Each structure stands twice: as structure tokens, then as C-alpha cells.
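Trainee: The structure is given below, and queries will be raised subsequently.
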Amino acid sequence: MSLNNRYEFIFLFDVKDGNPNGDPDAGNLPRVDAETGQGLVTDVCLKRKVRNYVGLVKEETPPYEIYIKEKAVLNRNNLRAYEALELKHESKKLPKKEEDAKKVTQWMCRNFFDIRTFGAVMSTEINTGQVRGPIQINFARSIDPIVSAEHSITRMAVTTEKEAEQQSGDNRTMGRKFTVPYGLYRCHGYVSANLAKQTGFSEDDLQLFWDALINMLDHDRSASRGEMSPCALYVFKHESPLGNAPARKLFELVEVKKISEGPARSFKDYQVIVDQDKLPQGVELIKLLD
Amino acid sequence: MGFCLEVSGEFACFTRPEMKVERVSYDVITPSAARSIFEAILWKPAIQWQVTQIDVLNPIKWMNLRRNEVESIVSARTAQTAMKEGVGDLGIYVDEQRQQRASLLLKDVRYRIYAQFSMTDQAGPQDSAAKFADMFRRRAEKGQCFNQPYLGCREFSCDFELVSDKSDAVEPIEETRDLGFMLYDLDYTDSASPSPLFFRAQMKNGCVMVPSRDSQEVRG
Chain A
1 MSLNNRYEFI FLFDVKDGNP NGDPDAGNLP RVDAETGQGL VTDVCLKRKV
51 RNYVGLVKEE TPPYEIYIKE KAVLNRNNLR AYEALELKHE SKKLPKKEED
101 AKKVTQWMCR NFFDIRTFGA VMSTEINTGQ VRGPIQINFA RSIDPIVSAE
151 HSITRMAVTT EKEAEQQSGD NRTMGRKFTV PYGLYRCHGY VSANLAKQTG
201 FSEDDLQLFW DALINMLDHD RSASRGEMSP CALYVFKHES PLGNAPARKL
251 FELVEVKKIS EGPARSFKDY QVIVDQDKLP QGVELIKLLD
Chain B
1001 MGFCLEVSGE FACFTRPEMK VERVSYDVIT PSAARSIFEA ILWKPAIQWQ
1051 VTQIDVLNPI KWMNLRRNEV ESIVSARTAQ TAMKEGVGDL GIYVDEQRQQ
1101 RASLLLKDVR YRIYAQFSMT DQAGPQDSAA KFADMFRRRA EKGQCFNQPY
1151 LGCREFSCDF ELVSDKSDAV EPIEETRDLG FMLYDLDYTD SASPSPLFFR
1201 AQMKNGCVMV PSRDSQEVRG
């Protein structure tokens, strides 16, 4: 059930009047590549959303439990029964301890979706064994430079008695929030069939991952996010586990172009051009969301 | 058997071991990160890659980035207890164990990396250098890999291209600099605690020569 194909994917998503990923170094302004003005969304930001979606849909039960949790989503019963580990008596040449460490790692991979998918650093007594997950996600980058708008907002309440006294009962506070009026972001990712074997990441897991990319933004609404939506998900499926073409050549087949005058304000202002004719042999393009 | 790969990526972070928490990258790719690019394309226990030369093709540019990260790693002991008892609370709650860490990354990097492999004592009777060389060449030409190679961290994946004809190759940058002591690689002889090896990296006209592992210049 593990994967027999290498995959690459292109995920396009947009944001309207929201902040897709704040920069802690810049007072939570939307992240920007200072040289080009393009917006950035980090890999870890997108992985967080995938985890939250899977946690939500699979209700945090093994084998789809999520290891790296957000309290806000969870905070339910802390103790949960795990499937009992079937101890197999195999005489291998490895030292006993290392064998145990391997067992723990495999058990963790089996129970936790995010460890199977993205990997994890496991501290064992022997060394810091790492599981490298099959899925690699790069930073997402906006197609065009983004503009950060700053909005001052007021609150008709104060936090402390002292503030109320100072304002002689006026009770107002000012706040700030930052938004991107519109931004279309493009993210590249990779799925290694070989690493999937090592963590037991299955075809079903991969389907769940695609579902997560398509649906995760709909379950991540908040005051700061504005309107974020998935726009397109293109998956390149190679015939062989090692792949049939360089990733870069595949990514170059998909061009996202602005087709309207003036600043873009919706996905309609862009056109996605896919050069199907140049698709290398042994690679299939699957448009999971178009 | 020597090969040359041209690798490029939008970002890279070859973390200095002395600045691990708030990651600061070395100015150029380390031999160990370069080795792992070759290994991502082909590696077997029978062979061992040795990087010989690194050409820096793009000017060295930096970018600062701060992210929320967690401070703990998976505890094997907790997992073992949960396995035995059948109950347990394993997750890491990110908002309680959060650290905001900055990383100083490299931007728009492009390198030409020369490496060769030698056979190890794990090689079987039917393993020959020519066989592995063919395998590597075939894979690199087709863009095949075991997993997508990356520049220091997995979120900074890189493109790779096999360079066979060096006649129209881009010249390395015109920069000569002493890069100081740089991580060479890790010595895995004691697999329980790999020890770092260092060497004095000199960039001459954009080119860093990498000494072989057993030379006097590589120190543990």
C-alpha cells in the first residue's frame, strides 16, 4: 500500500483582505520578500493547516492522530487508548536497544499522521533518530508584489480599571491590523515514494493530504485571515518511484499570468496556462482542483 | 568516478553549528550539504561520496526570517510507556512550547559542485564503480532522485542538473575570501554520537577547493 510513484505538486491559493501569514519580526505584517515585494507564506504555516484539517476530519484518533497539536483545536480528553503493539520476535543482528528504538519509531509513524507525512525528530537513547517524511513543501510566494494595508480599528472597551479611570469613562482602545487586499500565492511541493516506504505513508494518506490542501483553508477562518481560498492544485505523477523528469521542468509548464489592467483583486484577474504538449513521457498531470 | 552537478534554489540555510538556535547560515554550501545532494540522487552502502570542489555562481545574498518553532522533540520514553500501557498523552502543544526563532538565510544560490565516489568495504562481488557511475549519470540526466535534494533544510529544495559539457559554463563570482573554519562533515565512526569535522575554507575567485577527508587540513 505504500507509494510507487514520485509526485510533485503546485498549489495555488489566494487571500482577499486578510493576512495569510504574519511576520513576527515585523509586528505581524504579512511576510514580504524585501527585494521583490512578493508575499511569502512559510512551509510551516501551510503544514500547520494540513495538520489541523486532518485532526478535525479524523477526530484525532489513531492511525490519524496529530502529534504537533494546537491546544485551541483540542483540549479534550488527554488519555486515549492506543492499539496494542504486536511484539514480533525476530532475531536481527542489530543491538537490542536499537531494535527497540526502531520499534518506537515505527509505532509512532503508524499512529500519527503528521509524523508519517512530514517526519519528526525522535530522541532515543542511542542517537537522535530522525524520520524523514515523504512530503516536502517549499515556501509559497505571491505571483505579483503584494501591498500591505494597515487599518486602525477601535474597541469600545478597555482591559483594566486603571485605563477606565485615565480615560474618565470613555473606555476606548485603538488597535491595528494588517491585510493584503489581494494576493495569489503559488506553492511547490514534492512527494518521495522512497521515503514513504520508510514511514509507511500510504496511498490513502496521500489522498487525505490532497483533500487537506483543497479543504484546509475553509476550516481556518479567523479575524486575521480574511478570505483565503484554494485556487488550483496540479499534481504531476511520475510512472516510477525515482521520477521520470526533473521537477523544475514540470513546474515550468505551469505559468500564472495577470491578464487584467491595474491591481489584481480576484483570481479572475489571472490566467493559468498549462503547456500540456510539453509534458515529458512517463509523467501524468492530474488537475485535482482547477 | 567524478561528476559535476549544477544546483540552484531560491533559499538555502547551511546552519553554523555554533549558531543553531537562531540559525545563521554559512556563506556557501558546506561539503556535507553538498554530499547529501549527491546522495539524494544515488546512494548505496557500497559507495561513498567525496566532494572535491564547489564553484559559487551567484553573488552571496542574505535574508532574515522568523518563524514559530517548537522547542521539544519526540520523547522515545513517553512513546514507549504509551505503547506498553495502551494509553498516553503524546502530543506536543505548540502554543505552550513555542519558540520564535529567526534564521539568516541565503537567497538565490547557484553552485557547481564536483564530487566523486569511491567503493566502501560494504561493496559486494557484483558491485562495480562503472555500474554505479552509469546509474548516477542516468538518474541525474533524467532528473530522477530518491528524494528531492535540498539546500540545508528540507523546505529549501533545489534543482539539479548534470553538467557534462563545461565549455559554455558560467564563470564563478569574482570574489576571494577566507571563509574561516567551516563544517566539513560528520564523522559517523561512532554512530551513537557523530563528531563534527572542520576545515579552513578559502574561496578563491568564487571557487572553494575541498580537501579529502583523510588529509591534514580536516580536523575533528
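Those sequence lines, one after another, are chains A and B.
Residue numbering for the first sequence follows our numbering, starting at 1 and increasing by one per position.
Residue numbering for the second sequence follows our numbering, starting at 1001 and increasing by one per position.
Backbone N, C-alpha and C define an ideal beta-carbon position, used for all residues, glycine too.
Just so you know, these numbers come straight off a predicted model, no measurement behind them.
(1) Using the Cβ count rule (16 or more neighbours within 10 Å means buried), how would you classify A:Ala120?
(2) By DSSP's criteria, A:Leu12 is part of a beta bridge. Which residues make up the other side?
(3) Could you pull the start and end residues of the alpha helix (DSSP H) that A:Ile115 belongs to?
(4) Using CA atoms only, rank isn't needed, just tell me which of B:Glu1069, B:Ile1047 and B:Asn1068 is closest to B:Phe1117.
(5) Find the nearest neighbour of A:Leu288 within the set A:Ser240, A:Tyr234 and A:Leu250, judged by alpha-carbon distance.
(6) The beta strand (DSSP E) with A:Asp290 in it runs from where to where?
(7) Is there contact here, the region 1069-1085 of chain B with the region 1034-1043 of chain B, by at least three beta-carbon pairs under 8 Å?
(8) For a contact meaning CB atoms closer than 9 Å, what does B:Asn1058 contact in chain A?
(9) Quick one: give me the first and last residue of the beta strand (DSSP E) that A:Ile294 is part of.
(10) Alpha carbon to alpha carbon, how far is A:Gly183 from A:Lys162? Give it in angstroms, no decimals.
(11) Using C-beta distances below 8 Å, list every residue in its chain close to B:Val1070, excluding the 5 sequence neighbours before and after it, in chain order.
(12) Are there three or more Cβ pairs, one per stretch, closer than 8 Å when the region 59-72 of chain A is compared with the region 1019-1036 of chain B?
(13) Take B:Phe1011 as the anchor and find which of B:Pro1149, B:Tyr1114, B:Gln1053 and B:Leu1090 has the nearest alpha-carbon.
(14) Nearest to A:Glu252 by alpha carbon, out of A:Asn4, A:Phe9 and A:Leu3?
(15) Are A:Val180 and A:Val50 closer than 9 Å when you measure CB to CB?
(16) Buried or exposed, going by whether 16 or more other CB atoms sit within 10 Å of the CB of B:Val1170?
(17) By how many angstroms is the C-alpha of A:Arg172 removed from the C-alpha of A:Thr154?
(18) Taking the alpha helix (DSSP H) that A:Phe251 belongs to, which residues open and close that run?
(19) Answer with yes or no whether the minimum CB distance from B:Tyr1111 to chain E is below 9 Å.
(20) Identify whether B:Gln1053 lies in helix, strand or coil by the three-state DSSP scheme.
(21) Compare the beta carbon distance of B:Cys1004 and B:Ile1113 with 9 Å and say whether it is the shorter of the two.
(22) Please tell me whether A:Pro134 has its Cβ less than 9 Å away from any Cβ of chain B.
(23) B:Phe1198 lies in the beta strand (DSSP E); which residues open and close that run?
(24) Can you give me the Cβ contacts of B:Met1063 inside the same chain, cut-off strictly under 6 Å, excluding the 5 residues immediately before and after it?
(25) Note down the Cα distance separating A:Lys258 from A:Ile273, rounded to an integer number of angstroms.
(26) Touch check for the region 102-117 of chain A and the region 1079-1088 of chain B: three-plus C-beta pairs under 8 Å?
(27) For B:Tyr1184, I'd like the list of residues in its chain whose CB is within less than 6 Å of its CB, leaving aside the five on either flank, ordered along the chain.
(28) Would you say B:Cys1145 faces chain A, with C-beta separation under 9 Å as the test?
(29) Closer than 8 Å is the cut-off here; do at least three beta carbon pairs connect the region 131-148 of chain A with the region 194-201 of chain A?
(30) Pull up the distance between the alpha-carbon of A:Val254 and that of B:Asp1089, whole angstroms please.
(31) Cβ closer than 8 Å: which chain A residues qualify as neighbours of B:Phe1247?
(32) What is the DSSP secondary structure of B:Val1221, counted as helix, strand or coil?
(33) Is it true that the CB of A:Arg116 sits closer than 9 Å to the CB of A:Asp43?
(34) Return the chain-ordered list of same chain residues with a C-beta closer than 6 Å to the C-beta of A:Leu3, the five sequence neighbours on each side being excluded.
(35) For a quick check, are the C-beta atoms of B:Gly1009 and B:Val1109 less than 9 Å apart?
(36) Nearest by alpha-carbon distance to B:Ala1102: which of B:Ala1201, B:Ser1025, B:Gly1206 and B:Thr1176 is it?
Mentor: From the atom records:
(1) buried
(2) A:Arg186 and A:Ala232
(3) Phe113 to Phe118
(4) B:Ile1047
(5) A:Tyr234
(6) No beta strand (DSSP E) holds A:Asp290; DSSP gives it neither H nor E.
(7) no
(8) Here the premise fails: no neighbours, minimum Cβ distance about 13 Å.
(9) A question about residue 294 of chain A goes unanswered here, because the residues of chain A that appear run from 1 up to 290.
(10) 41 Å
(11) Ile1092, Val1094, Gln1097, Arg1098 and Gln1099
(12) no
(13) B:Pro1149
(14) A:Phe9
(15) no
(16) exposed
(17) 7 Å
(18) Ala247 to Phe251
(19) No chain E is present in this structure, whose protein chains are A and B.
(20) strand
(21) yes
(22) yes
(23) Ser1195 to Lys1204
(24) Leu1105 and Lys1107
(25) 11 Å
(26) yes
(27) Pro1031, Leu1197, Phe1198, Phe1199 and Val1218
(28) yes
(29) yes
(30) 44 Å
(31) Within the shown structure, residues of chain B are numbered from 1001 to 1220, placing residue 1247 of chain B beyond reach of any answer.
(32) Here chain B comprises residues numbered 1001 to 1220, so residue 1221 of chain B is not present and cannot be evaluated.
(33) no
(34) Ala193 and Ala196
(35) yes
(36) B:Ser1025
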